[in-house]
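Peer 1:
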Amino acid sequence: DAGVIQSPRHEVTEMGQEVTLRCKPISGHNSLFWYRQTMMRGLELLIYFNNNVPIDDSGMPEDRFSAKMPNASFSTLKIQPSEPRDSAVYFCASRRDGTEAFFGQGTRLTVV
Amino acid sequence: AQTVTQSQPEMSVQEAETVTLSCTYDTSESNYYLFWYKQPPSRQMILVIRQEAYKQQNATENRFSVNFQKAAKSFSLKISDSQLGDTAMYFCASTQGGSEKLVFGKGTKLTVNP
C-alpha cells in the first residue's frame with residue numbers, strides 16, 4: 011500500500027479564496043482524521059470520521075471549515091473563505107480499530 | 016474532555032546518553048491505546064512505540080521503552096543510547112475506549128548533541 015496520500019503538498023492562496031485539501035486513506039482503514047499543526051497550538055484534531063461518518067467535529071474552528079468523506083477512499087477538507095490565520099500544516103491520518111494511525115505527508119497551506 | 020499533556024516543551028541530551036520524555040493523559044475509560052510519535056524536520060509523523068492499556072507489561076522497541084503507570088495516567092518514553100538521528104519533535108497520543116478519537120499532546124522538541 012502507498013500509505014495515506016494527501017494533495018497538494020504545498021498550497022499558496024490569497025485571502026478570501028476557497029481551499030480544498032484532499033486525502034486518500036489506507037485501504038481497509040475505517041477511521042480518518044484531519045489535524046492542523048501550528049507552532050502555537052501543536053497538533054489539533056479538527057474532525058474525525060468512522061466508517062465514513064463524521065463522529066466528532068468539535069475541533070473545527072469555524073463555519074469556514076468543512077469536511078466530507080463521500081466514500082471509504084476519499085476525504086476533503088475545505089476552507090472558504092480562507093484567512094491568513096489558517097496558514098498551517100494540515101495532516102490527514104487513517105487507522106484501523108486497535109492499531110496506530112498512519113499519517114500522510116501533510117499539506118503546507120499559506121494564505122497571503 | 017480527553018486531554019494529553021506533555022510538560023516539557025524542549026529537552027536536550029548528549030549523544031549515547033539516556034533521556035526520558037513525560038506524558039500524562041486524562042481518560043475515564045479502562046480500555047485505550049497510547050502512542051509515541053516522532054516528527055523529524057521532514058515533518059513526517061513516524062510511530063515510535065505503542066501500548067495497550069490492558070497490558071501491564073511496558074512496551075519496548077529496541078532503544079525505546081515506556082514506563083506506563085495506569086493508575087497515575089502516566090506514559091513516559093525512555094530513549095537509551097541517544098543518537099543524532101533521534102533529534103525530532105516527539106508527540107504522545109491516546110485513544111479512548113469505545114471511541115477511535117486520537118488526541119495528541121503539544122509535543123516535546125528533543126535535541127541530541129554530539
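Chains as they are written, first to last, in the working numbering: chain C, 11 to 122; chain V, 16 to 129. Cβ atoms here follow ideal geometry from the backbone N, Cα and C, with glycine treated the same way. Computed from a predicted model, the values in this text were never measured in an experiment.
1) So the candidates are V:65, V:109, V:51; which of them puts its Cα closest to the Cα of residue 103 of chain V?
2) Helix, strand or coil for residue 56 of chain V? Go by DSSP, reduced to three states.
3) Apply the 10 Å Cβ neighbour rule to residue 103 of chain C and answer buried if 16 or more other Cβ atoms are within range, or exposed otherwise.
4) Mind the definition here: the segment 36-50 of chain C touches the segment 99-119 of chain C only if three or more C-beta pairs lie below 8 Å; say whether that holds.
5) Are the segment 113-126 of chain V and the segment 33-49 of chain V touching by the rule of at least three beta carbon pairs closer than 8 Å?
6) Give the DSSP-derived three-state secondary structure of residue 41 of chain V in the structure shown.
7) Residues in its own chain within less than 8 Å of residue 33 of chain V by CB, not counting five upstream and five downstream?
8) Could you give the distance in angstroms between the alpha-carbon of residue 73 of chain C and the alpha-carbon of residue 27 of chain C?
9) Can you list, in chain order, the residues of its chain with a C-beta nearer than 7 Å to that of residue 58 of chain V? Leave out the 5 residues immediately preceding and following it.
10) For residue 53 of chain C, would you say it is in contact with chain V, using Cβ-to-Cβ distances shorter than 8 Å as the test?
11) Is the separation between the beta-carbon of residue 16 of chain C and that of residue 115 of chain C shorter than 8 Å?
12) Buried or exposed for residue 43 of chain V, please, with buried defined as at least 16 other CB atoms from any protein chain shown within 10 angstroms of its CB.
13) For residue 147 of chain C, which beta-bridge partners are listed by DSSP?
14) Answer yes or no: do residue 72 of chain V and residue 90 of chain V have a C-beta to C-beta separation smaller than 8 Å?
15) Alpha carbon to alpha carbon, how far is residue 12 of chain C from residue 113 of chain C? Give it in angstroms, no decimals.
16) Could you tell me the distance, in whole angstroms, from the CA atom of residue 70 of chain V to the CA atom of residue 14 of chain C?
17) Please say whether residue 29 of chain C and residue 92 of chain C have beta carbons closer to each other than 8 Å?
18) Against residue 110 of chain C, what residues of chain V qualify as contacts under a CB-to-CB distance less than 7 Å, listed in chain order?
19) Please identify the residue among V:31, V:26, V:68 whose C-alpha is closest to the C-alpha of residue 88 of chain V.
Peer 2: By the coordinates alone:
1) Here residue 103 of chain V corresponds to residue number 88 of the second sequence, with the count starting at 1. The shortest Cα separation from residue 103 of chain V among V:65, V:109, V:51 belongs to V:51.
2) Counting from 1 along the second sequence, the entry for residue 56 of chain V is found at position 41. Residue 56 of chain V falls in the coil class under three-state DSSP.
3) Numbered from 1 along the first sequence, position 93 holds the residue referred to as residue 103 of chain C. Counting Cβ neighbours within 10 Å, residue 103 of chain C comes out buried, since at least 16 surround it.
4) yes
5) yes
6) Mapped onto the second sequence, residue 41 of chain V falls at position 26. The answer is strand: DSSP assigns residue 41 of chain V an E or B state.
7) Here residue 33 of chain V corresponds to residue number 18 of the second sequence, with the count starting at 1. Same-chain partners within the cutoff: 93, 94, 95, 96, 97.
8) Within the first sequence, numbered from 1, the residue matching residue 73 of chain C stands at position 63. Within the first sequence, numbered from 1, the residue matching residue 27 of chain C stands at position 17. Computed Cα separation, rounded: 15 Å.
9) For the purposes of this step, residue 58 of chain V is taken as the residue at position 43 of the second sequence. Hits under 7 Å: none found.
10) For the purposes of this step, residue 53 of chain C is taken as residue 43 along the first sequence, with counting starting at 1. Cβ-Cβ to chain V under 8 Å: yes for residue 53 of chain C.
11) On the first sequence, position 6 is the one that residue 16 of chain C refers to. On the first sequence, position 105 is the one that residue 115 of chain C refers to. Closer than 8 Å, so yes.
12) Counted from its first residue, the second sequence places residue 43 of chain V at position 28. By the 10 Å Cβ count, residue 43 of chain V comes out exposed.
13) A question about residue 147 of chain C goes unanswered here, because the residues of chain C that appear run from 11 up to 122.
14) Locating residue 72 of chain V in the second sequence gives position 57, counting from the first residue. Locating residue 90 of chain V in the second sequence gives position 75, counting from the first residue. Their beta carbons are not under 8 Å apart, which means residue 72 of chain V does not touch residue 90 of chain V by this criterion.
15) Reading the first sequence from its first residue, position 103 is the one you call residue 113 of chain C. Reading the first sequence from its first residue, position 2 is the one you call residue 12 of chain C. Roughly 11 Å between the two C-alpha positions.
16) Along the second sequence, read from residue 1 onward, the residue named residue 70 of chain V stands at position 55. Along the first sequence, read from residue 1 onward, the residue named residue 14 of chain C stands at position 4. C-alpha separation (whole angstroms): 29 Å.
17) For this step, residue 92 of chain C is matched to residue 82 along the first sequence. For this step, residue 29 of chain C is matched to residue 19 along the first sequence. Cβ atoms of residue 92 of chain C and residue 29 of chain C: closer than 8 Å.
18) Taking the first sequence and counting its residues from 1, the one referred to as residue 110 of chain C is at position 100. Within 7 Å Cβ-Cβ: 50, 62, 65.
19) Residue mapping note: residue 88 of chain V aligns to position 73 of the second sequence, counting from 1. Residue 88 of chain V has its Cα closest to that of V:68, out of V:31, V:26, V:68.
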